[in-house]
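Shown next, in structure tokens, is the structure this report addresses.
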Amino acid sequence: MGLADVHAHLTHPELRGDLDTILAKAESVGVSTILVNGLNPRDNEAARELAKTYPQIKAAFGFYPIDAVLPEMRALGTDYPREGEECTAADGLQWLQAHAAEAFAIGEIGLDGYWVPEALWESQETVFRQAVEIAMEHDKAIIIHTRKRERRAFEILKEMGAERVDWHCFGGKVKLARQIAEHGHWLSIPANARRSESFTRMLETLPREKILLETDCPYLSPDRTRRSGPADIAGTASYAGELWETSVEDVISRLTENFEQLFGQTP
90 MGLADVHAHL THPELRGDLD TILAKAESVG VSTILVNGLN PRDNEAAREL AKTYPQIKAA
150 FGFYPIDAVL PEMRALGTDY PREGEECTAA DGLQWLQAHA AEAFAIGEIG LDGYWVPEAL
210 WESQETVFRQ AVEIAMEHDK AIIIHTRKRE RRAFEILKEM GAERVDWHCF GGKVKLARQI
270 AEHGHWLSIP ANARRSESFT RMLETLPREK ILLETDCPYL SPDRTRRSGP ADIAGTASYA
330 GELWETSVED VISRLTENFE QLFGQTP
């Protein structure tokens with residue numbers, strides 16, 4: 090029984106060169122499973138290669154909601170700071186369909202209204218629906234990214250009957266997070282929870298059987314002076330123990346059962 094980081098970006102350029110050190114540090118604090126979430130076909134391929142090399146890494150294949158409409162955003166002159174692969178929606182979905190069977194999960198996928206202009210929301214929803222269909226067709230858990238469009242994503246997932254869903258780094262209202270958990274979905278709390286009022290409230294008030302932990306590394310560090318890494322999961326588990334007034338061992342036991350319920354295997 091070990092800790093699981095259900096959302097990490099170990100393919101990120103900031104982390105690639107230090108991967109062995111990062112993994113050794115994670116192992117030293119009891120992190121036994123790390124889900125590397127892909128953003129597009131090239132990133133998915135990189136995640137797949139990591140999973141082949143390191144047994145503790147599991148590859149989640151995704152189509153980031155911004156990448157899903159990035160060519161259209163560029164055509165509209167929409168500002169977006171990240172450089173990266175631009176592929177058509179058709180190409181990204183075709184890759185997902187072709188490789189979904191070998192994925193540990195499908196994600197991250199979702200809706201983003203922060204960077205994506207409203208003119209492209211319908212196109213983004215179309216890609217999202219198709220990605221959810223692929224996940225359900227292959228009986229894979231779904232990892233969701235939403236920003237400013239949480240309620241709409243929830244409506245679509247309910248309409249489509251998606252049940253095995255984790256909402257990564259949920260940025261919406263805590264009230265909506267509770268509705269999502271009560272519906273039966275899971276929410277993964279990032280490593281900056283101790284310095285976030287919203288994530289602290291989620292840890293305190295959401296049903297404990299619907300909570301998972303993540304880092305979104307190298308982002309959302311518990312310490313603003315450094316990047317995050319999977320080892321930071323241990324600190325969040327300790328914080329959960331403080332809030333729940335229970336031992337870290339009890340927290341890990343609860344999280345392990347939650348992981349098994351969503352993904353169908355032990356971390």
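According to my numbering, the sequence shown is numbered sequentially starting from 90. Glycine residues also receive a C-beta, built at the ideal position from the N, C-alpha and C atoms. Values in this document were obtained by computation on a predicted structure and should not be read as measured data.
If you check the CB distance, isoleucine 231 and alanine 251 come in under 9 Å. Take valine 337, set aside five residues on each side of it, and the residues of its chain with a beta-carbon closer than 7 Å to its own are Ala326, Ser327 and Gly330, in chain order. With respect to alanine 97, aspartate 305 sits close: the two C-beta atoms are nearer than 9 Å.
Beyond the five residues adjoining it in sequence on each side, arginine 297 comes within less than 6 Å, by CB distance, of Arg343 in the same chain, given in chain order. Burial check for leucine 351: the Cβ neighbour count within 10 Å reaches 16 or more, so the residue is buried.
Within the segment 123-151, the runs of beta strand (DSSP E) that reach at least 3 residues and sit entirely inside it are, in chain order, 146-150. The beta-carbon distance between glutamate 191 and cysteine 258, rounded to whole angstroms, is 25 Å. This is too long to meet the 8 Å contact definition. Burial is judged here by how many other beta carbons sit within 10 angstroms of a residue's own beta carbon; alanine 320 has at least 16 and is buried. Per DSSP, valine 340 is one residue of the alpha helix (DSSP H) stretching across 337-352. Spanning the alpha carbons of threonine 355 and valine 340 requires a straight line of approximately 15 Å. When the alpha-carbon of proline 170 is set against those of Trp275, Asp156 and Asp180, the nearest one is in Asp156.
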